[in-house]
Structures are given as C-alpha cells and as structure tokens.
Amino acid sequence: MESFPIISLEKLNGEERAITMEKIKDACENWGFFECVNHGISHELLDKVEKMTKEHYKKCMEERFKESIKNRGLDSLRSEVNDVDWESTFYLKHLPVSNISDVPDLDDDYRTLMKEFAGKIEKLSEELLDLLCENLGLEKGYLKKVFYGSKSPTFGTKVSNYPPCPKPDLVKGLRAHTDAGGIILLFQDDKVSGLQLLKDGEWVDVPPVKHSIVVNLGDQLEVITNGKYKSVEHRVLSQTDGEGRMSIASFYNPGSDSVIFPAPELIGKEPEKEEKENYPSFVFEDYMKLYSAVKFQAKEPRFEAMKAMETTVANSVGPLATA
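Just so we're aligned: the sequence shown equals residues 96 to 418 in the numbering used here.
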C-alpha cells in the first residue's frame with residue numbers, strides 16, 4: 096500500500112505549487128486524510144500547547160480518570176466492549192460563541208494559549224478550504240460561504256488524553272467512526288501512535304510526525320463534493336505503556352442553520368455514477384441531531400435518513416431552498 100500522504104504547505108509558494116496541489120487532490124480523493132508540515136503555525140507555539148496540555152491532564156484530570164467507572168470496571172472485562180472509549184476529554188467552543196472563559200480548572204495562561212492556538216487553527220482551516228475549492232473548480236470562498244450560515248461557522252476543539260490501558264485488546268481509545276462536520280485539524284502526540292484510518296479494507300496508521308497537523312474530511316464535505324471526496328472511518332487504539340497519548344482535534348464545521356447540499360458545479364461531473372446527485376440537502380443542525388445518536392454506526396444510513404427527511408419536506412412544502 097502507498098505511504099500515508101505528508102504534504103509540505105510551504106511548497107505552495109514556489110515552483111512546486113502544482114505538484115503540491117495535486118498531492119492534496121489525491122489525498123482528498125483517495126485517503127480522506129493527509130498530514131501537513133511547514134503549515135505556518137510556529138513550532139514554539141505547538142511545543143507550548145503540548146507541554147501545557149499534558150501538564151493540565153496530570154494536574155486536573157489524571158486522578159479523576161483513574162477513579163472513573165470505566166477504569167474501575169476494567170478488571171472485570173473478559174470480552175471487548177463496544178460502548179466505551181478509553182479517553183479523557185474536555186471541549187472548547189470558539190465560534191459562534193466562545194466558552195473558553197467558563198471551562199473549569201484551566202489556568203489563565205493555558206486559556207490564553209489555547210485561544211491563540213485556536214486562532215491559528217481557524218486561519219489554517221480557512222486556507223485549506225480555499226485550496227480544496229481550487230482543486231474542485233469551485234470559486235474561492237465557496238466552502239467558507241456554505242459553512243457560514245446566517246451567523247458564523249461552528250468551530251471548536253476537543254482536547255483528549257488517552258492514558259495507558261491494561262487491556263488494549265478489549266477497549267478502544269476511540270471507537271471507529273467518521274466525523275460529522277467539515278474539515279478537522281488534529282495536533283497529535285508525536286511520540287505515541289494510535290490513530291488509524293480505514294483504507295481499502297485495511298487499518299492504516301497515521302504516523303506521528305513532530306509539529307505536523309493532520310487533516311481529515313468530515314461528512315459535510317462528502318455531501319458538498321457529491322462524493323468526490325469521502326469522509327473516512329478512523330479510530331484510536333489503546334496503548335499499554337508510556338505516558339499516554341495527547342490529541343487536540345479542532346472541528347471547523349458549518350453553522351447550525353447552514354444548508355448543506357452538493358455543489359451544483361460538481362453534479363454530473365462523475366460520468367461513472369448512475370445518478371446525477373447522490374446526496375441530500377439538509378440543515379446541518381438536523382444532521383447533528385441524528386449523528387449524536389448514531390455516531391459509531393455507518394454513515395450511509397445517515398445520508399439516507401436525511402434524504403428521506405428531504406423528500407418528506409419537499410412533498411409537504413415544495414422544493415427545499417439550497418441557496
């Protein structure tokens with residue numbers, strides 16, 4: 096199998112721009128994932144985020160995890176469990192309204208740092224969306240406009256730690272799933288692996304590369320590209336040794352009232368497809384309500400459910416507005 100795509104974004108500014116754009120195109124079409132290096136976020140900032148995130152876990156969350164039901168119940172496990180994730184997490188909301196001042200136990204310096212980090216990730220997310228537009232033949236800013244809705248995109252960060260697990264064969268760090276949203280940027284531990292994606296029926300490791308940002312595409316980009324790009328199933332394996340694994344995933348998603356639909360310019364561009372349009376139109380908030388109940392199930396029934404909802408709405412009120 097070909098090696099996981101690692102792409103240097105600084106080459107977009109020189110003679111290798113066309114080659115780099117082709118690498119991004121191939122990664123989006125055939126992997127649903129790629130890893131960015133030389134992405135413009137300073138190594139100093141990333142090192143500080145990693146250091147303070149690990150310190151926060153040790154200080155405020157490690158003991159709580161050890162006392163949790165999932166940890167105390169591990170000794171009694173004899174077979175694999177499919178309704179538990181071996182992770183310790185907290186969430187930061189950035190857009191449309193930040194909750195960073197309200198999350199308990201965060202030191203002021205860490206709050207300030209994560210706010211700066213979020214700003215850099217937001218900027219990189221929007222730059223990447225415009226690169227996708229360029230590769231897709233969509234006007235610059237198309238994806239940002241769709242994501243914006245009436246107020247702003249939804250943007251937030253999930254900070255996770257995956258502690259060492261005595262029975263990694265019985266409990267996943269995070270069960271297999273596709274991400275519901277738009278574009279996801281992940282700053283992960285460069286010393287401890289564990290993230291895998293499903294490609295051609297095989298689980299493939301996403302390599303931990305120091306100071307890299309892993310990018311993966313969510314369900315909404317699959318819909319907007321009419322299946323040209325796919326959201327890909329991925330998971331996190333539990334590990335037995337070491338200090339555990341850190342993962343900071345930032346989700347740049349559509350606004351709650353954004354209407355998601357296949358871009359008209361991309362319908363009918365894939366001649367091998369029998370149908371012109373394979374995906375439904377829906378309001379992002381409606382999709383998220385469904386997703387929250389069936390996150391760890393296959394994505395295709397979610398799309399079918401939204402298509403059925405679309406048909407019901409169309410039959411009762413006429414065509415669904417998509418612009």
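Don't be surprised by glycine CBs; every beta carbon is placed ideally from N, CA and C.
Tell me, please, which residues DSSP counts as bridged to residue 185.
-> DSSP links residue 185 through a beta bridge to 254.
Are the CB atoms of residue 142 and residue 269 nearer to each other than 8 Å?
-> No, these two residues do not count as a Cβ contact at 8 Å.
Determine the closest residue to residue 324 out of 112, 380, 128, 175, with distance taken between C-alpha atoms.
-> Taking only the C-alpha atoms, the option nearest residue 324 is 128.
Proximity to residue 262 [Cα-Cα], best of 103, 209, 111, 333 | The option with the nearest alpha carbon to residue 262 is 333.
Check the DSSP bridge columns for residue 329 and list the partner residues they point to.
-> 272, 292, per the DSSP bridge assignment.
Top-ranked residue by Cα proximity to residue 279, from 224, 259, 295, 300 | When each option's Cα is compared against that of residue 279, the closest is 224.
Residue range of the beta strand (DSSP E) that includes residue 282 = Counting along the chain, residue 282 sits inside the beta strand (DSSP E) bounded by residues 278-283.
Cβ of residue 312 within 8 Å of Cβ of residue 301?
-> No, the Cβ-Cβ distance between residue 312 and residue 301 is not below 8 Å.
Given residue 284 as reference, the closest of 272, 240, 344 once Cα atoms are compared | Looking at the Cα atoms, 344 is the closest of the given residues.
Could you tell me if residue 137 is buried or exposed, where buried requires 16 or more neighbouring beta carbons within 10 angstroms of its beta carbon?
-> Label assigned to residue 137: exposed.
Whole angstroms is fine: what's the gap from residue 298's alpha carbon to residue 98's?
-> Their backbone Cα atoms lie some 13 Å apart in a straight line.
Quick one: measure Cβ to Cβ for residue 191 and residue 247, integer angstroms, because I've assumed they're closer than 8 Å.
-> Yes, they are in contact, since the Cβ atoms of residue 191 and residue 247 sit about 4 Å apart, within 8 Å.
From which residue to which residue does the beta strand (DSSP E) around residue 312 run?
-> 308-312 is the span of the beta strand (DSSP E), which, as asked, contains residue 312.
Would you decide whether residue 369 is buried or exposed? Buried here means 16 or more other CB atoms lie within 10 Å of its CB.
-> Annotation note: pLDDT 48 at residue 369 (below 50); position unreliable, no value reported.
On the DSSP bridge assignment, give the partners of residue 300 in chain order.
-> Partner(s): 291.
In whole angstroms, what separates the C-alpha of residue 434 from that of residue 148?
-> Limits of the chain in this structure are 96 at one end and 418 at the other, which puts residue 434 out of reach.
For residue 382, which residues from the same chain have a beta carbon less than 8 Å from its beta carbon, with the 5 sequence-adjacent residues on both sides left out?
-> Same-chain partners within the cutoff: 275, 314, 315, 355, 397, 401.
Could you give the residue range of the alpha helix (DSSP H) that holds residue 388?
-> For residue 388, the enclosing alpha helix (DSSP H) has its first and last residue at 379-389.
Use the C-beta contact count for residue 108: other C-beta atoms within 10 angstroms, 16 or more gives buried, fewer gives exposed.
-> Burial is judged here by how many other beta carbons sit within 10 angstroms of a residue's own beta carbon; residue 108 has fewer than 16 and is exposed.
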